[in-house]
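Beneath this line is the structure, given in structure tokens, with notes to follow.
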Amino acid sequence: MVTGYTTAHSDRFVANLPWKETLSFGHRHGGNDDFVADYFASTLGDAFKPLGEVYQAYCEAMEEVSMAIMAVLGESLGLGSGYYRDFFADSCSIMRCNYYPPCPEPERTLGTGPHCDPSALTVLLQDGDVHGLQVLVGGAWRPVRPEPGAFVVNIGDTFMVRHCSFTYLLRYPGKLEVRKALTNGRYKSCLHRAVVRREQERRSLAFFLCPRDDRVVRPPACGERRLYPDFTWADFMRFTQRHYRADTRTLDAFAHWLSPPACSGAAPAASPPAATQAATV
Numbered sequence: 001m002v003t004g005y006t007t008a009h010s011d012r013f014v015a016n017l018p019w020k021e022t023l024s025f026g027h028r029h030g031g032n033d034d035f036v037a038d039y040f041a042s043t044l045g046d047a048f049k050p051l052g053e054v055y056q057a058y059c060e061a062m063e064e065v066s067m068a069i070m071a072v073l074g075e076s077l078g079l080g081s082g083y084y085r086d087f088f089a090d091s092c093s094i095m096r097c098n099y100y101p102p103c104p105e106p107e108r109t110l111g112t113g114p115h116c117d118p119s120a121l122t123v124l125l126q127d128g129d130v131h132g133l134q135v136l137v138g139g140a141w142r143p144v145r146p147e148p149g150a151f152v153v154n155i156g157d158t159f160m161v162r163h164c165s166f167t168y169l170l171r172y173p174g175k176l177e178v179r180k181a182l183t184n185g186r187y188k189s190c191l192h193r194a195v196v197r198r199e200q201e202r203r204s205l206a207f208f209l210c211p212r213d214d215r216v217v218r219p220p221a222c223g224e225r226r227l228y229p230d231f232t233w234a235d236f237m238r239f240t241q242r243h244y245r246a247d248t249r250t251l252d253a254f255a256h257w258l259s260p261p262a263c264s265g266a267a268p269a270a271s272p273p274a275a276t277q278a279a280t281v
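The sequence shown begins at 1 in the UniProt record's numbering and counts up by one.
Below, the structure is given as structure tokens:
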């Protein structure tokens, strides 16, 4: 799990580094009730523990939202509402606070480069009416406009298993509506990026639902040809940190790297292309 603070790489256009600051920390479902608060106190000092308690409560709420979505996805696949809820019952998820400062030359950089999230599910809260998130649809980058009282929910590589794919807009307290469908017979992760503004700063909160590190990720038994070998979340996470891809083929590349003979259904992947910017969980 990657945690801690990263600074904005201002004035470093040549290096193609992301134009943002982030604070990332873990959340354990069903574990220590003060896990996040204790992290803030031990890392930033006791004065920050009350702030950690606020984020602890937010993470717990996002866990509930994520589990509700997993129940719906399980039903949509004919597996029952408890199938994925049980799989993620002891999850070790990641919370990230993003800050994108104003950029004097936004055309020369990105807040976050093109990527698919390696997590199973991402629940994103955007900041006000400042646009920045974009998704690739039909070869063109389309903005995902912030809406008051709404989360943006997209599927990550870990949940790329079978049947249809959707990017959802989730209105709290609980209305779920389809926002964009990329249906090709399997759940697909979503290629996205973040742009920056010349005069406007932007903030967002991203909750990444992830399995426990040693949890073996495999599709449900359904009689179909296996496209990916079994793998642990920890192995996949390490791969994404070392081999960033600015496309939707990270999972294919990982499967080929992990076990070429055992993964006959996955197309052999070329070496990961040079990154426009590193953008990983």
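Where is the CB? At the ideal position from N, CA and C, for every residue including glycine.
Tell me which same chain residues have a C-beta within less than 8 Å of the C-beta of residue i, skipping the five on either side of it?
{"i": "V217", "result": "T158, P211, D230, F231, T232, W233, F236"}
{"i": "E75", "result": "S81"}
{"i": "E107", "result": "none"}
Apart from the five residues just before and just after residue i, which ones in its own chain have a Cβ nearer than 6 Å to its Cβ?
{"i": "F207", "result": "M62, M95, V123"}
{"i": "R85", "result": "M67, M70, A71"}
{"i": "C103", "result": "W19, V196"}
{"i": "Q56", "result": "V36, A37"}
{"i": "P143", "result": "H131, Q134"}
{"i": "Y58", "result": "none"}
{"i": "R28", "result": "F35, C92"}
May I ask you to report which of helix, strand or coil DSSP gives residue i?
{"i": "G74", "result": "helix"}
{"i": "G113", "result": "strand"}
{"i": "P146", "result": "coil"}
{"i": "L17", "result": "coil"}
{"i": "Y83", "result": "helix"}
{"i": "R179", "result": "With a pLDDT of only 26 at R179, under 50, the local geometry of the prediction cannot be trusted, and the value read off the model is given with reservation. Looking at R179 - three-state DSSP - the assignment turns out to be strand."}
{"i": "Q56", "result": "helix"}
{"i": "R242", "result": "helix"}
{"i": "H192", "result": "strand"}
{"i": "A89", "result": "coil"}
{"i": "M95", "result": "strand"}
{"i": "Y100", "result": "strand"}
{"i": "S66", "result": "helix"}
{"i": "R197", "result": "coil"}
{"i": "R171", "result": "Caution applies to R171, whose pLDDT of 46 falls short of 50 and renders its modelled position unreliable; the model cannot decide the point."}
{"i": "H27", "result": "strand"}
{"i": "S119", "result": "coil"}
{"i": "V135", "result": "strand"}
By the 10 Å Cβ neighbour count, where 16 or more other Cβ atoms means buried, how is residue i classified, buried or exposed?
{"i": "D129", "result": "exposed"}
{"i": "S189", "result": "buried"}
{"i": "G156", "result": "buried"}
{"i": "R238", "result": "exposed"}
{"i": "D117", "result": "buried"}
{"i": "G4", "result": "exposed"}
What does a CB cutoff of less than 7 Å around residue i pick up in its chain, not counting 5 residues either side in sequence?
{"i": "F48", "result": "F40, A41"}
{"i": "Y100", "result": "W19, K20, G111, G132, A194, V196, E201, R202"}
{"i": "S204", "result": "N98, L124, L125, Q126, D127"}
{"i": "D214", "result": "T232, A234"}
{"i": "L51", "result": "F40"}
{"i": "P148", "result": "none"}
Rounded to whole angstroms, what is the Cα-Cα separation between residue i and residue j?
{"i": "L73", "j": "F87", "result": "13 Å"}
{"i": "D90", "j": "D33", "result": "13 Å"}
{"i": "C263", "j": "H256", "result": "Reliability of the predicted coordinates at C263 is poor, the pLDDT of 42 falling under 50, and the value obtained from them is presented with this limitation in mind. Cα to Cα, C263 sits roughly 7 Å from H256."}
{"i": "P146", "j": "L79", "result": "33 Å"}
{"i": "T250", "j": "T240", "result": "7 Å"}
{"i": "L121", "j": "S24", "result": "16 Å"}
{"i": "Y83", "j": "E105", "result": "47 Å"}
{"i": "S119", "j": "W141", "result": "22 Å"}
{"i": "E53", "j": "L77", "result": "36 Å"}
{"i": "C92", "j": "G30", "result": "10 Å"}
{"i": "A150", "j": "Y228", "result": "33 Å"}
{"i": "L209", "j": "E64", "result": "11 Å"}
{"i": "E199", "j": "H115", "result": "25 Å"}
{"i": "residue 309", "j": "G26", "result": "Within the shown structure, residues of the chain are numbered from 1 to 281, placing residue 309 beyond reach of any answer."}
{"i": "F254", "j": "L191", "result": "17 Å"}
Contact criterion: CB-CB distance below 9 Å. Does residue i meet it with respect to chain B?
{"i": "L121", "result": "Of the protein chains in the structure, only one exists, and it is not chain B."}
- Kindly confirm or deny that the segment 107 to 125 and the segment 194 to 206 touch, where touching means at least three C-beta pairs closer than 8 Å. yes
- Message: With three or more beta-carbon pairs closer than 8 Å as the criterion, would you say the segment 136 to 150 touches the segment 32 to 43?
- Response: no
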